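Undergrad: Sequences listed follow chains A and B, in order. For the first sequence, position 44 (counting from the first letter as 1) is numbered 43 according to numbering that gives the first Met the number 0, and the numbering increases by one without interruption. For the second sequence, position 3 (counting from the first letter as 1) is numbered 2 according to numbering that gives the first Met the number 0, and the numbering increases by one without interruption.
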Amino acid sequence: MDIIVKNLTKTYGSQKAVDNISFHLKQGEILGFLGPNGAGKTTTMKAISCFIAPTSGEIEVGGYSVKENPDKVKSLLGYLPESNPLYTDMGVIDYLKYVAELQKVPKEKVKSRVAEMIAVCGLEAEKHKIIGELSKGYRQRVGLAQAMIHDPEVLILDEPTTGLDPNQIIEIRELIKRIGREKTVILSSHILAEVEATCDRILIINKGSIVADGSYETLSKKATSSEIIHVGIEGGEFDTVYQALKELPTIAMVDVKSAEENTFDIQSKPDMVSAKAIFDLCVENKWYLSQLTPIETKLEDIFHELTAN
Amino acid sequence: MRQIWIIAKRELQSFFDSLIAYIMMIAFLGFSGFFTWLYGGDVFFVGQASLQTFFEVAYWTLFFFIPALTMRLFAEENRSGTIELLLTRPVSDWQVVTGKFLSTVILIAIALLLTVPYYITVANIGNIDHGAVITGYLGLILMSAAYISIGIYTSSITNNQIVAFLLTIFIGIFFHLICGILAHSMGGTMGTFFNYLSLQNHFNSIARGVIDSRDIIYFASIITLGLVATEATLARRNASK
Numbered sequence: 000m001d002i003i004v005k006n007l008t009k010t011y012g013s014q015k016a017v018d019n020i021s022f023h024l025k026q027g028e029i030l031g032f033l034g035p036n037g038a039g040k041t042t043t044m045k046a047i048s049c050f051i052a053p054t055s056g057e058i059e060v061g062g063y064s065v066k067e068n069p070d071k072v073k074s075l076l077g078y079l080p081e082s083n084p085l086y087t088d089m090g091v092i093d094y095l096k097y098v099a100e101l102q103k104v105p106k107e108k109v110k111s112r113v114a115e116m117i118a119v120c121g122l123e124a125e126k127h128k129i130i131g132e133l134s135k136g137y138r139q140r141v142g143l144a145q146a147m148i149h150d151p152e153v154l155i156l157d158e159p160t161t162g163l164d165p166n167q168i169i170e171i172r173e174l175i176k177r178i179g180r181e182k183t184v185i186l187s188s189h190i191l192a193e194v195e196a197t198c199d200r201i202l203i204i205n206k207g208s209i210v211a212d213g214s215y216e217t218l219s220k221k222a223t224s225s226e227i228i229h230v231g232i233e234g235g236e237f238d239t240v241y242q243a244l245k246e247l248p249t250i251a252m253v254d255v256k257s258a259e260e261n262t263f264d265i266q267s268k269p270d271m272v273s274a275k276a277i278f279d280l281c282v283e284n285k286w287y288l289s290q291l292t293p294i295e296t297k298l299e300d301i302f303h304e305l306t307a308n
Numbered sequence: 000m001r002q003i004w005i006i007a008k009r010e011l012q013s014f015f016d017s018l019i020a021y022i023m024m025i026a027f028l029g030f031s032g033f034f035t036w037l038y039g040g041d042v043f044f045v046g047q048a049s050l051q052t053f054f055e056v057a058y059w060t061l062f063f064f065i066p067a068l069t070m071r072l073f074a075e076e077n078r079s080g081t082i083e084l085l086l087t088r089p090v091s092d093w094q095v096v097t098g099k100f101l102s103t104v105i106l107i108a109i110a111l112l113l114t115v116p117y118y119i120t121v122a123n124i125g126n127i128d129h130g131a132v133i134t135g136y137l138g139l140i141l142m143s144a145a146y147i148s149i150g151i152y153t154s155s156i157t158n159n160q161i162v163a164f165l166l167t168i169f170i171g172i173f174f175h176l177i178c179g180i181l182a183h184s185m186g187g188t189m190g191t192f193f194n195y196l197s198l199q200n201h202f203n204s205i206a207r208g209v210i211d212s213r214d215i216i217y218f219a220s221i222i223t224l225g226l227v228a229t230e231a232t233l234a235r236r237n238a239s240k
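(1) Report back the beta-carbon spacing between A:Pro151 and A:Leu75 to the nearest angstrom; my notes put them in contact at under 8 Å.
(2) Would you list the one or two residues that DSSP bridges to A:Ser55?
(3) Please classify B:Tyr21: is it buried, with 16 or more other beta-carbons within 10 angstroms of its beta-carbon, or exposed?
(4) Run through chain A and tell me which residues come within less than 8 Å of B:Asn237, C-beta to C-beta.
(5) Where does B:Gly186 land, buried or exposed, given buried means 16+ other C-beta within 10 angstroms?
(6) In angstroms, rounded to a whole number, what distance separates the CA positions of B:Thr120 and B:Thr188?
(7) So that I know if they touch, is there some Cβ in chain A lying closer than 8 Å to that of B:Glu10?
(8) List, in order along the chain, the chain A residues whose C-beta lies closer than 9 Å to that of B:Gln160?
(9) Pick out whichever of A:Leu156, A:Val230, A:Lys126, A:Thr10 has its Cα sitting closest to the Cα of A:Pro80.
(10) Are there 16 or more other CB atoms within 10 angstroms of the CB of A:Ala46, so buried, or fewer, so exposed?
(11) Can you tell me where the beta strand (DSSP E) with A:Thr292 in it begins and where it stops?
(12) Using DSSP bridges, identify the partner residues of A:Leu79.
(13) Out of B:Asp214, B:Val209, B:Thr134, B:Thr87, point me to the one whose CA is closest to B:Ser197's CA.
(14) Kindly indicate the opening and closing residues of the alpha helix (DSSP H) around A:Thr262.
(15) Within 8 Å (strictly less), CB to CB, does B:Gln199 reach chain A?
(16) Does any C-beta atom of chain B lie closer than 8 Å to the C-beta of A:Pro159?
(17) For A:Ile20 and A:Ser208, which I take to be in contact (beta-carbon distance under 8 Å), what is that distance rounded to the nearest angstrom?
(18) Going by C-alpha to C-alpha distance, which of B:Thr69, B:Gln94, B:Trp36, B:Gly130 sits closest to B:Ile149?
(19) Between the alpha carbons of B:Phe202 and B:Leu139, how many angstroms are there, rounded?
(20) Could you spell out the range, first to last residue, of the beta strand (DSSP E) harbouring A:Val257?
(21) Are the C-beta of B:Ile5 and some C-beta of chain A separated by less than 8 Å?
(22) Check whether the segment 146–160 of chain B touches the segment 210–226 of chain B, counting contact only when three or more Cβ pairs, one atom from each stretch, lie closer than 8 Å.
(23) Excluding the 5 residues preceding and the 5 following A:Tyr94 in the sequence, name in chain order all residues of the same chain whose CB lies nearer than 8 Å to its CB.
(24) A:Pro313 to A:Ala192, Cα distance in whole Å?
(25) Could you check where the alpha helix (DSSP H) with B:Val95 kicks off and where it finishes?
(26) So which residues on chain A does B:Ser80 lean against when the C-beta distance must stay under 7 Å?
(27) Suppose the cutoff is 8 Å on Cβ atoms and the five residues either side in sequence are ignored; what does the same chain contact list for B:Asp92 look like?
(28) I need the boundaries of the alpha helix (DSSP H) containing A:Phe32, first residue and last residue.
Okay, structure coming up:
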């Protein structure tokens, strides 16, 4: 189910939380929303999930307008808000049943859906507890379970893995990926590694506007045009190796990592590759390579480059 | 309608789970029973087979109990943020408001139902005016519904339950007492005006056994006003403040 956001703007007083954002998300895509605090991620998600009405602009989910058919849109959506609010006085099963009923799951299916969600989200051991007694990680699972209880076409998850331990994070990421094959998923996160690991497409927003939109590969290409390689050369004196490397025509900069181990970080000149030249140099001098690793541009760097002023 | 009922059911469940419902009922039955049967101007003192004393006591006890029941309804959802989840379900704001309203009305109705033995007992002692009893109960339900709608409104404008409680008492006391007093002391057009606003007048006239359309309109207006104002408060999240 496609999500179309057209010129979405939301103002609070004189402050523009979201400023003229447009994007089109296709079925089966997992979109990662990245941005510093207060960039407008949550506001955009709240607008798509029909909690707040946009000041101007259009949002369509599966062809239904958020403005004209909010009830229809709401029934297509599963939403996990930022702070994962839950009724702490309700039991896990009671709560999931209540949500299933509100989401218009047919009566005869309520029980099986609740059981399925408990299994999928790993709540089996805790299902008879009151939500207030659960640890943060388990509450997060209940939050995910309530978002998916009616098998929604679109999932909107605002920071879904906060409070989970590393194993749970991996589990939840796998779960999101699995869902993302058939459904449309939007998730937001500060954790760049998470977005990198789970999302097909990344949208970076800053101060209410989109600053980057694309897959991880396209974004990393955009961020740096020159490659960086980590090299280790043995069999020669440090000074000679260092000098020889510096004189190579494709290399822009040599950064010494360790003089004892003869390791360097080498930055090539824009749009040039140095691996072959380094290899040839070693052959010529009868040195040998102990390491040769291209250093990838991390999403951190892209993020930093695009959002820092 | 189904959605309203689902919400009402959950709220009702929550009243019972948190023991508020039991405490409220025991206290209500305790107070009203004590004053109806044992103390002061009780049934035996008056020497008439009537529930007038009971209605008078219930009129005051409910006035204090209802704010305690309604204060949680929206304030707690506002505080914990669950309101966001609730309003992103396929329900309209209006359904949420009426669902919560209905849950509390049902709870009060249950509490009043438990006092039916009073009626049966008194009816066995002497000749009771059956009509006045029925309209008396109707009056209590209408009065409760009016205060519930005010209570829901005050609960929706804050995320602090105590503030909601006090505000309901504060607004309620005008209808409950002050308007009546003002009507007495002022007279003239202002007197008529306050006389009309006084909930006590309308309640008394119904409890005496007369169902006047003016009284019904009065209660219906307060209920509608409270619920519409609550819906407007919920809709404020959409405004570009």
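Backbone N, C-alpha and C fix where the C-beta goes; we use that ideal spot for every residue, glycine too. Note that the structure is a prediction, hence the values are computed from the model and not measured.
TA: Taking the coordinates as given:
(1) On the first sequence, position 152 is the one that residue 151 of chain A refers to. On the first sequence, position 76 is the one that residue 75 of chain A refers to. Right, the Cβ-Cβ distance comes to about 6 Å (below 8 Å), so this counts as a contact.
(2) Here the question's residue 55 of chain A lines up with position 56 in the first sequence. DSSP, once it has assigned bridges, lists A:Thr8 as partnering A:Ser55.
(3) Walking along the second sequence from the start, residue 21 of chain B turns up at place 22. Its Cβ having fewer than 16 others within 10 Å, B:Tyr21 is exposed.
(4) Here the question's residue 237 of chain B lines up with position 238 in the second sequence. What B:Asn237 touches in chain A: Ile51, Ala52.
(5) If you number the second sequence from 1, residue 186 of chain B lands on position 187. Per the 10 Å Cβ criterion, exposed.
(6) Translated into the one-based positions of the second sequence, residue 120 of chain B becomes position 121. Translated into the one-based positions of the second sequence, residue 188 of chain B becomes position 189. Approximately 44 Å between the Cα atoms of the pair.
(7) Locating residue 10 of chain B in the second sequence gives position 11, counting from the first residue. Judged by the 8 Å Cβ criterion, B:Glu10 is not in contact with chain A.
(8) The count along the second sequence starts at 1 and reaches residue 160 of chain B at position 161. By Cβ distance, chain A contributes nothing, its closest Cβ being about 14 Å from B:Gln160, past 9 Å.
(9) Within the first sequence, the letter at position 81 stands for residue 80 of chain A. With distances taken between Cα atoms, A:Pro80 lies closest to A:Leu156.
(10) Residue 46 of chain A sits at position 47 when you count from the first residue of the first sequence. Buried, because 16 or more other Cβ atoms sit within 10 Å of the Cβ of A:Ala46.
(11) Residue mapping note: residue 292 of chain A aligns to position 293 of the first sequence, counting from 1. Element bounds for A:Thr292: 287–294.
(12) Stepping through the first sequence from its first residue, residue 79 of chain A is reached at position 80. DSSP lists A:Leu156 as partners of A:Leu79.
(13) Mapped onto the second sequence, residue 197 of chain B falls at position 198. Nearest of B:Asp214, B:Val209, B:Thr134, B:Thr87 to B:Ser197, Cα basis: B:Asp214.
(14) Counting from 1 along the first sequence, the entry for residue 262 of chain A is found at position 263. No alpha helix (DSSP H) contains A:Thr262, which is instead part of the beta strand (DSSP E) from 262–267.
(15) On the second sequence, position 200 is the one that residue 199 of chain B refers to. For B:Gln199, the answer is no, since every Cβ of chain A falls outside 8 Å of its Cβ.
(16) Locating residue 159 of chain A in the first sequence gives position 160, counting from the first residue. Taking Cβ atoms only, chain B never reaches closer than 8 Å to A:Pro159, which makes this a no.
(17) On the first sequence, residue 20 of chain A is found 21 positions in, with the first residue counted as 1. On the first sequence, residue 208 of chain A is found 209 positions in, with the first residue counted as 1. 7 Å between Cβ atoms; contact.
(18) On the second sequence, residue 149 of chain B is found 150 positions in, with the first residue counted as 1. Answer by Cα proximity: B:Thr69.
(19) Residue 202 of chain B sits at position 203 when you count from the first residue of the second sequence. Residue 139 of chain B sits at position 140 when you count from the first residue of the second sequence. Going by the C-alpha atoms only, they are around 8 Å apart.
(20) If you number the first sequence from 1, residue 257 of chain A lands on position 258. Note that residue 257 of chain A corresponds to Ser in the displayed sequence, not to Val. Counting along the chain, the beta strand (DSSP E) containing A:Ser257 begins and ends at 250–257.
(21) Here the question's residue 5 of chain B lines up with position 6 in the second sequence. Residue-level contact check: B:Ile5 touches chain A, since one or more beta carbons of chain A fall below 8 Å from its beta carbon.
(22) Enough Cβ pairs lie closer than 8 Å, so yes.
(23) Start at 1 with the first residue of the first sequence, and residue 94 of chain A comes out as number 95. Once the five neighbours on either side are set aside, the close Cβ partners of A:Tyr94 are Leu85, Tyr86, Ile130, Val141, Gln145.
(24) The shown model of chain A, from 0 to 308, leaves out residue 313 of chain A, and the question about it has no answer.
(25) The residue given as residue 95 of chain B occupies position 96 in the second sequence. First-last of the alpha helix (DSSP H) with B:Val95: 92–112.
(26) Position 81 of the second sequence, counted from the start, is the residue given in the question as residue 80 of chain B. It is worth fixing the name first, because residue 80 of chain B is Gly in this sequence and not Ser. Simply Pro80, Ser82, Pro84.
(27) Stepping through the second sequence from its first residue, residue 92 of chain B is reached at position 93. Closer than 8 Å at Cβ, skipping near neighbours: Leu86, Glu230, Leu233, Ala234.
(28) Your numbering for residue 32 of chain A matches position 33 in the first sequence. Taken as a continuous stretch (DSSP letters only), A:Phe32 belongs to no alpha helix (DSSP H), being part of the beta strand (DSSP E) at 29–33.
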